[in-house]
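Engineer:
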Amino acid sequence: MIRAVLFDLDGTLLPMDQEEFIQAYMGEIAGRFGSEELKKEDLIRALWKGTGAMVKNDGTSSNEEVFWKVFAGLLGEGILRRRSEFDDFYTREFKNVGRIASPNDLAGRCVGRLKEKGYRLIAATNPLFPRTATLERMSWAGIDPASFELITTYENSAYCKPNLEYYRNILDRQGLLAEECLMVGNDVAEDMCTSKLGMDTFLLTEHLIPAEGVDTKEMRQGGFKELYNYIEDMPILKEGVL
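Using the numbering used here, the letters of the sequence shown correspond one by one to residues 16 to 257.
1) In three-state DSSP terms, what is Cys175?
2) Along the chain, where does the alpha helix (DSSP H) containing Cys125 start, and where does it finish?
3) Go ahead and pull the three-state DSSP assignment for Arg98.
4) Determine the burial state of Asn244: buried for a count of at least 16 other Cβ atoms within 10 Å of its Cβ, exposed for fewer.
5) Hey, would you say Arg188 sits closer than 7 Å to Thr168, going by beta carbons?
6) Taking only beta-carbon atoms, is Asp73 less than 7 Å away from chain B?
7) Going by the CB atoms, is the gap between Leu150 and Tyr182 shorter than 7 Å?
8) Going by beta carbon distance, what residues of the same chain come within less than 6 Å of Asn141, once the five residues before and after it are set aside?
9) Quick check: is any heavy atom of the ligand ZN less than 6 Å from the C-beta of Gly49?
10) Quick check: the Cα distance between Phe144 and Glu108, rounded to an integer number of angstroms?
11) Is the number of C-beta pairs between the region 24–37 and the region 121–139 that are closer than 8 Å three or more?
12) From which residue to which residue does the alpha helix (DSSP H) around Thr147 run?
13) Compute the distance between the beta-carbons of Glu170 and Glu100, then report whether it is under 7 Å.
14) Can you tell me which of Ala116, Ala87 and Tyr134 puts its alpha carbon nearest to the alpha carbon of Tyr40?
15) Mind the definition here: the region 57–74 touches the region 83–99 only if three or more C-beta pairs lie below 8 Å; say whether that holds.
16) What runs of the alpha helix (DSSP H), each 4 residues or longer, lie entirely inside the region 177–224?
17) Which of the three DSSP states, helix, strand or coil, is assigned to Leu136?
18) Could you name the residues of the same chain whose beta carbon sits closer than 8 Å to that of Ala45, not counting the 5 residues immediately before and after it, in chain order?
19) Is the beta carbon of Asp202 less than 7 Å from the beta carbon of Ile224?
20) According to DSSP, which residues form a beta bridge with Phe22?
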């Protein structure tokens, strides 16, 4: 029986085009930190290298630690003295990236309906960003972070999607079985891989990211309207009746 629903964020609860997001994000961060001393191209290259290292993280360190080790290794240890400036960026300029999002009020309605029915909710967003940036993106979607018992960020995670250990860690941390979970996401490779663990899945198709060689015809799927209707048909859990 399904007891918990895991939601992806970018492209799922927060409808947006991934390439547009990356371009806007890189533009804002380069605009803030690019200078004669720190060339924009070096900054962006270091960001990508740090991100790649997080994706390959094997669980021995947090994603945060892995990122900053690689980032500082490329840009010099002096960049570590500017960490507070990066924190400030995510509370200031990062807001401007929200212009590329196209929020759908059905996202919030899906979350709210599941809460009303008593389901446990987890924001299983790929933990490549600090918590500040993740909460900011949730605000663009009009989603209340308090609805979720866990929000994965680079501070509290040591794996990334599509590594199944990322999902196993969530299950272990929250005391859940895979068979008790529904994963909702738009990325075939990163989100639908949870079926290998035994999770139920719903592929959101409005900003679909396909995977080469993967046939999705047999997957439960649809847009927000179909997702909301599916949630309406899910049983009410006794402990969650309001």
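From the three backbone atoms N, C-alpha and C, an ideal C-beta is built for every residue, glycine too.
Every value quoted in this text rests on a predicted model; they were computed, and no experiment measured them.
Structural biologist: Let me lay it out:
1) coil
2) Asp120 to Lys132
3) helix
4) exposed
5) no
6) Given the protein chain composition of this structure (a single chain), no chain B is represented.
7) no
8) Cys175 and Lys176
9) The ligand ZN is not among the ligands present in this structure, which contains no ligands whatsoever.
10) 15 Å
11) yes
12) Arg146 to Ala156
13) no
14) Ala116
15) yes
16) 179–189
17) strand
18) Lys55, Leu58 and Ile59
19) yes
20) Ala138 and Val199
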